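FYI, in the working numbering the residues of the sequence shown are -7 to 385. Note that the Cβ used here is the ideal one computed from N, Cα and C, for glycine as well. Only a predicted model underlies this, so the values are computations on that prediction, with no experimental measurement involved. I have placed the structure first, in the form of structure tokens, so that the comments after it can refer back to it.
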Amino acid sequence: DSGLITLDPGYKNTGSTTSAITFLDGEKGILRYRGYSIEELAEKSTFVEVAYLLIYGELPSQEQLNKFQNEIKVHTLVHEDIKKILEGFPSNAHPMGVLSSLVTSLTAFYPESLDPNRSADKVNLSIIRILAKMPTFAAWAYKNEVGHPVNYPDNRLDYCSNFLKMMFALPAEEYQVDPVVANALDKLLILHADHEQNCSTSTVRIVGSSQASLYASISAGINALWGPLHGGANSAVIHMLENIQKDGGDTKKWMGKAKDKDDPFRLMGFGHRVYKNFDPRAKIIKKAADDVLSKLGVNDPILEIAKGLEEVALSDDYFIERKLYPNVDFYSGIIYRALGIPVDMFTVMFALGRLPGWIAQWKEMRENHEPIGRPRQIYVGHNLRSYVDMNNR
Ligand code: SDX
């Protein structure tokens, strides 16, 4: 073929697109959404406002925010037939698999979302619909697992409180959302909202580049996020910390495993393709962990194990040479746990947070009329050879 194919496994040195949404500086540990620093947004904004910012590019006026929130509320209810799909799942179905299936089912309930040439207003309706229904799908994935009846959205509540109530409310029991829990969740969702061309966002873009619907693209992103090297790391961190706890807190043994090339074990929640310095989100989450646990009066011994592990890793040559620092997933699970969220729902929480980022990136890719993603390869297989009949094999 004409032209040179440059091989770049994992796209470590490949820019797949131009984007005006999120800026990362891996050396300086900088993260900005549409030019605003993550530190300021985590401190001063709300998740719904950040979703608006990421998707439409500007901080909303009060009127725009009210309209956006009301549009979402109008579309929170989920078609009763989707509940039948949920009832088809076994109770041991992983919540991420249930979530991605429920999201894909939206293509059946809203077939106009399949039309690649539909108007901008219709695209915006698709966006509002999935923003509105994702908390319900996430909560229902959990209810399916614990075998409890589902709850329907309560539009009197804000986005996070509504999710928490759908997740935890039980029949015949009064459920009051704890504002400390709702605020902590809101801040975590802001911190997860976008992160330029990570694995799951690149998946959303490449699926969307074939003119697949927004829902099919988001469902693909959920499945890419599921892997333990990506969004699945937040629950893998907790399992790792619990194993270290069972080992009597023997961090040295686990550090040894993490450095042993023959041992597949990696220190989960450490390292990052872009951040070669502290992940700015990890810094905020670590501080929030202390804050939230003390406010909730939770004393979780694995928080101390996590801090001890971080200390050992940050002074270990192997980790220093490879610039391995705690990433967004290292401390987030400790907060989720304190909020009462079960460990195999942690990646669902990541998906809930990342949804506006996936939407914004999909929208930008489609508005820029980007070509279908189709990389090449270097062929290393057989040269031409003739067919061999069965009796000669
Ligand atoms: C997320 O991309 C994003 O932006 C993702 C994310 C987002 O917001 O979307 O930030 C969210 O996915 C955070 C990452 C969560 N994953 C984990 O915590 C899993 C553990 N981390 C590693 O698997 C790894 O660090 C990755 C996957 C995060 C990054 O992998 P890279 O960039 O491909 O780096 P690599 O595997 O080539 O590692 C470079 C070296 C290797 O050693 P050498 O072969 O050079 O001797 O560092 C070592 C690796 O063995 N290494 C680790 C390690 N991470 C890298 N060794 C031990 N423990 C680790 N965690």
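Non-local C-beta neighbours of Leu98 in its own chain, meaning closer than 6 Å and more than five positions away in sequence, comprise Tyr207, ordered along the chain.
Runs of beta strand (DSSP E) with 3 or more residues, each lying fully within the region 9 to 70, are found at 14 to 17 and 22 to 25, listed in chain order. Take the alpha-carbon of Gly248 and the one of Arg346: they are about 33 Å apart. A distance below 6 Å between beta-carbons, with the five flanking residues on each side excluded, links Asp242 to no residue of its chain. In this structure, the C-beta of Met341 stays at least 8 Å away from each heavy atom of ligand 1.
DSSP, read as helix, strand or coil, puts Phe257 in coil. DSSP, read as helix, strand or coil, puts Phe262 in strand. Scanning its chain for C-beta atoms nearer than 6 Å, with the 5 sequence neighbours on each side dropped, one finds around Tyr44 the residues Pro52 and Phe60, in chain order. Pro318 carries a strand assignment under DSSP once its states are collapsed to helix, strand and coil. Exclusion of the five residues before and after Tyr323 leaves Ala274, Ile277, Lys278, Ala281 and Ala298 as the residues of its chain whose Cβ lies within less than 7 Å of its Cβ. Of the candidates Phe160, Thr193, Ser92 and Val229, the residue whose Cα lies closest to the Cα of Glu302 is Val229. Looking only at Glu50, Gly7 and Gly18, the smallest Cα-Cα distance to Tyr28 is reached by Glu50. Per DSSP, Met337 lies in no alpha helix (DSSP H) segment and is marked neither H nor E. The beta carbon of Trp218 sits closer than 7 Å to those of Met88, Gly224 and Thr339, all from its chain and outside the five residues before and after it, given in chain order. Secondary structure at Ala85: coil, using DSSP grouped into helix, strand and coil.
Taking Glu79 as reference, the option from Pro127, Ala174, Leu295 and Leu94 with the minimal CA-CA separation is Leu94.
In this structure, the CA atom of Pro334 is about 10 Å from the CA atom of Val138. The residues Lys125 and Thr128, in chain order, have a CB closer than 7 Å to that of Val70 in the same chain once the five nearest residues on each side in sequence are set aside.
For Gly248, the distance from the CB to the nearest heavy atom of ligand 1 is not below 8 Å.
The beta carbons of Ile120 and Pro272 sit no closer together than 9 Å.
For Asn319, the CB falls within less than 8 Å of some heavy atom of ligand 1.
Rounded to whole angstroms, Arg368 and Ser227 show a C-alpha spacing of 34 Å. If you draw a straight line from the Cα of Leu376 to the Cα of Leu(-4), it comes to about 22 Å. Annotation: Phe270 is outside any alpha helix (DSSP H) and is labelled neither H nor E by DSSP. The C-beta separation of Arg197 from Thr9 comes to about 7 Å, placing the pair in contact by the 8 Å criterion.
Distance between Val199 and His184, taken at the CA atoms: about 21 Å. When secondary structure is reduced to three states using DSSP, Arg121 falls in the helix class.
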